[in-house]
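**Student:** Following this message is one structure expressed as structure tokens.
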Amino acid sequence: MRNFSGKTLSWTVADGTIELILDRPPCNEIGSATLAELEQFVDALVSASEDHAHALIVSSARTEGFCAGADLRELFERSQAMAARERLAGVREFLERIHRVMNAIDAAPLTTIAAVHGVIFGGGFELALTCDLIVADKMARFAFPELRLGLIPGFGGIPRLKRDLGNAIVRDLLLTGRSINATKAQSVGLVSQLTAEGDVLRVARATAAQLNKFDSKTAAAAKRFIKPVPHDELRREIEIFCDLFTRPAVEAGLRKFVESTDALPYLP
């Protein structure tokens with residue numbers, strides 16, 4: 002697996018650890034450009050275990066946070082330029098592509114670590130949930146604000162959150178759209194390590210170095226056993242999202258977001 006530097010992200014490989022770094026202003030919104038480069042990444046990830054890599058760290062170079070979610074402006078602008086049938090087909094294709102990316106990271110034979118800070122909302126939260134461990138800066142905040150748009154999370158967040166956490170916190174996050182801070186996230190079992198502000202990448206790297214002490218095949222076998230990918234529920238999530246996307250409430254929610262004059266319109 003060779004190092005790569007793209008328009009929205011980059012990755013490096015050193016000492017058995019792959020570091021995937023998101024870097025698209027303002028806050029790593031996932032649109033067509035980011036998706037295309039994530040697809041390049043997961044294609045390259047297939048050979049990573051053959052290169053003796055044992056860990057993957059996913060982090061952000063943006064001071065605003067880890068990732069604010071899907072690129073809603075791009076979604077709105079594209080949907081306005083298409084007929085209803087074409088719009089729905091385009092959304093389904095995007096979801097199926099992003100699910101392939103998320104599933105590949107989720108099932109990777111490496112131990113994966115999300116090193117998060119600041120905003121971890123929507124699709125960014127869903128990306129973090131694909132990882133085996135979440136290491137969080139104490140200033141991190143997690144949220145699923147999709148109901149404000151008349152939607153549900155569409156990048157695999159619901160099945161993965163259900164897999165990893167109890168019903169109370171799952172329903173609270175999904176149905177209220179409220180954010181939780183890193184301390185709360187650790188208390189409910191979402192975050193495995195809490196760090197001082199600005200220290201999250203150092204701690205994630207130290208954790209990756211610790212993982213290098215163990216046999217990678219044993220770790221991969223343990224991961225397959227304790228962390229199955231919920232494929233059936235993930236496919237159902239795509240269907241529900243597509244059903245909801247055709248409703249007028251979605252267009253109204255997207256328009257309100259795009260026309261907002263707030264500096265950070267994705268905040269709850």
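First residue of the sequence shown: 2, per this note's numbering; consecutive thereafter.
No residue lacks a Cβ here, since even glycine has one placed at the ideal position from N, Cα and C.
Fair warning: this is a prediction, and the values are worked out from it, not measured in the lab.
Compare the Cα-Cα distances from L148 to each of L245, G17 and L235 and report the closest residue.
**Tutor:** As a working note, residue 148 is residue 147 in the sequence shown. Of the candidates L245, G17 and L235, L245 places its Cα closest to the Cα of L148.
**Student:** Cutting at 7 Å between CB atoms, please list the residues of its own chain near G17, excluding the five before and the five after it.
**Tutor:** Sequence index remark: in the sequence shown, residue 17 carries index 16 (1-based). If we look at G17 and ignore the five residues flanking it on each side, its Cβ neighbours are H53, A54, H55, A56 and N213.
**Student:** Quick one: what's T208 bridged to in DSSP?
**Tutor:** Within the sequence shown, numbered from 1, the residue matching residue 208 stands at position 207. Answer by DSSP bridge pairing: none, since T208 is not bridged.
**Student:** Assuming N104 and S61 are in contact, meaning their beta carbons sit under 8 Å apart, how far apart are those beta carbons, in whole angstroms?
**Tutor:** Working through the sequence shown from its first residue, we reach residue 104 at position 103. Working through the sequence shown from its first residue, we reach residue 61 at position 60. At roughly 21 Å, the Cβ-Cβ gap does not stay under 8 Å, so N104 and S61 are not in contact.
**Student:** Using the rule of at least 16 other Cβ atoms within 10 Å of the residue's Cβ for burial, across every protein chain shown, is T270 buried or exposed?
**Tutor:** What is shown of the chain runs 2 to 269, which leaves residue 270 out entirely.
**Student:** If we require 3 or more residues per run, which beta strand (DSSP E) segments fall completely within the stretch 89-168?
**Tutor:** 112-117, 120-122, 134-138 and 142-144
**Student:** Report yes or no: do the stretch 198-213 and the stretch 130-150 share at least 3 C-beta pairs separated by less than 8 Å?
**Tutor:** yes
**Student:** Within 10 angstroms of the Cβ of D44, are there 16 or more other Cβ atoms? Answer buried if so, exposed if not.
**Tutor:** If you number the sequence shown from 1, residue 44 lands on position 43. Its Cβ having fewer than 16 others within 10 Å, D44 is exposed.
**Student:** Relative to the C-alpha of R248, which candidate in L73, W12, L150 and P27 has its C-alpha closest?
**Tutor:** Residue 248 sits at position 247 when you count from the first residue of the sequence shown. Taking only the C-alpha atoms, the option nearest R248 is L150.
**Student:** Quick one: is I227 buried, meaning 16 or more other Cβ sit within 10 Å of its Cβ, or exposed?
**Tutor:** Taking the first residue of the sequence shown as 1, we reach residue 227 at position 226. Exposed, since its Cβ has fewer than 16 Cβ neighbours within 10 Å.
**Student:** Along the chain, where does the beta strand (DSSP E) that runs through F67 open and close?
**Tutor:** Taking the sequence shown and counting its residues from 1, one reaches residue 67 at position 66. Looking at the DSSP string, the run of the beta strand (DSSP E) that includes F67 is G66 to C68.
**Student:** Could you give the C-beta distance for E127 and G167, rounded to a whole number, given that I count them as a contact under 8 Å?
**Tutor:** What you label residue 127 is simply residue 126 of the sequence shown in a count that begins at 1. What you label residue 167 is simply residue 166 of the sequence shown in a count that begins at 1. With a Cβ gap of about 18 Å, E127 and G167 do not count as contacting.
**Student:** Below 8 Å on the Cβ atoms is my guess for V259 versus R74; work out the distance and round it to an integer in Å.
**Tutor:** On the sequence shown, residue 259 is found 258 positions in, with the first residue counted as 1. On the sequence shown, residue 74 is found 73 positions in, with the first residue counted as 1. The Cβ separation is near 5 Å, so the contact holds.
**Student:** From what residue to what residue does the alpha helix (DSSP H) around T184 run?
**Tutor:** Against the sequence shown, residue 184 aligns to sequence position 183. Note, T184: alpha helix (DSSP H), A183 to S188.
**Student:** Which class does L191 belong to by DSSP, given the choice of helix, strand or coil?
**Tutor:** As a first step, residue 191 is located in the sequence shown; it is residue number 190 there, counting from the start. L191: coil per DSSP, three-state reduction.
**Student:** Could you say which of R179, A210 and I121 lies nearest to E20 if we only look at CA atoms?
**Tutor:** Walking along the sequence shown from the start, residue 20 turns up at place 19. When only C-alpha atoms are compared, the closest one is A210.
**Student:** If we call anything under 8 Å between Cβ atoms a contact, is R164 one with P231?
**Tutor:** For the purposes of this step, residue 164 is identified with residue 163 of the sequence shown, where counting begins at 1. For the purposes of this step, residue 231 is identified with residue 230 of the sequence shown, where counting begins at 1. Closer than 8 Å, so yes.
**Student:** What is the residue span of the beta strand (DSSP E) that E38 lies within?
**Tutor:** Locating residue 38 in the sequence shown gives position 37, where the first residue counts as 1. Here E38 belongs to no beta strand (DSSP E); instead the alpha helix (DSSP H) covers S33 to L46.
**Student:** Pull the bridge partners of L23 from the DSSP assignment, please.
**Tutor:** Residue numbering aside, residue 23 sits at position 22 when the sequence shown is read from its first letter. DSSP output for L23 lists L10 and S61 as bridge partner(s).
**Student:** Less than 8 Å between the CB atoms is what I'm expecting for F122 and G70, so what's the real figure, rounded?
**Tutor:** Your numbering for residue 122 matches position 121 in the sequence shown. Your numbering for residue 70 matches position 69 in the sequence shown. The Cβ separation is near 5 Å, so the contact holds.
**Student:** Below 8 Å CB to CB, which residues in the same chain sit around R25 once its five sequence neighbours on both sides are set aside?
**Tutor:** Position 24 of the sequence shown, counting from 1, holds the residue named residue 25. The answer, listed in chain order, is K8, T9, L10, A34, T35 and R63.
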